[in-house]
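Read the structure below first, then the notes.
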Amino acid sequence: MTRTGRPAGPASDTTATVLTAALDLLLAEGAGALTAQRLHQVTGVSRSTIYRHWPTPNDVLAALIDVAPSPRRQPSGDLAQDLHAEIDALCDRLRDKPVAAFLRALVAADAGLRHRYVEDLLAPVQAVLRDAGTPRAAAEDAVAAIVSPLLVDALLLDRPTARARAHRAVDLYLTEAAR
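Numbering (my numbering), first residue to last: 0 to 178.
Dropping the structure here:
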């Protein structure tokens, strides 16, 4: 038996259209532009469709988080090399406009969304430590010590991430862990 009525979610092309426009609006105008009316204006997708699937700007942000890439490299087996590679990748992501602007928008948004997105950014660094057998508490401390200054640079100070400082933090962690 087939069911009639509306499908559970928007068509993939509608989702792509709305979310691409949402990211463009976020980068150009900030999170306040992620309203159904504004998305309708730039996409032509009906307001009712937008309201049905993304009722609030936070729902749009959550959908953008869902489609954000979360790259994971193949570990080399060398903890220092892998940590440095992930820190370089994170610095690059924080430098790029979509990630930095998205983080700024999330600062004013729902704390749960902000935590979810930051956890996605931290996941590759945590995975390197987990793959090396680092105990969970030690890995959390290491990630906080290494990554927190990068997030402060990107979010609060609006300056490029201090890649050299992050690499020094990795080296310091590795020295301490070897003791």
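A virtual CB, placed ideally from N, CA and C, is assigned to each residue, including glycine.
It should be emphasised that the depicted structure is a prediction, and the values quoted were computed from it without experimental measurement.
Exercise. Under the three-state reduction of DSSP, which class applies to V44: helix, strand or coil?
Worked result: coil
Exercise. Hey, G126 and Y172 are a contact pair by Cβ (cut 8 Å); roughly how many whole angstroms apart?
Worked result: The identity of residue 126 in the sequence shown is Ala, whereas the question assumes Gly. At roughly 16 Å, the Cβ-Cβ gap does not stay under 8 Å, so A126 and Y172 are not in contact.
Problem set entry | L60 and L33 closer than 9 Å at C-beta | yes
Exercise. Smallest Cα separation from R113: which of D65, Q40 and A10?
Worked result: D65
For this session: Count the CB pairs spanning the segment 73-82 and the segment 14-23 that are closer than 8 Å, and state whether there are at least three.
Result: no
For this session: Would you tell me roughly how many angstroms separate the C-alpha atoms of R178 and V146, rounded to the nearest one?
Result: 22 Å
Exercise. Between which two residues does the alpha helix (DSSP H) carrying L78 extend?
Worked result: L78 to R94
Problem set entry | Coil, strand or helix - G4 by DSSP | Note on G4: pLDDT 45, under 50, position unreliable in the model; the coordinate value appears next. Coil at G4, not helix or strand.
For this session: Figure out for me which residue from T48, L78 and A35 has the closest Cα to the Cα of A176.
Result: L78
Problem set entry | Three CB pairs or more closer than 8 Å across the segment 34-47 and the segment 96-106 | no
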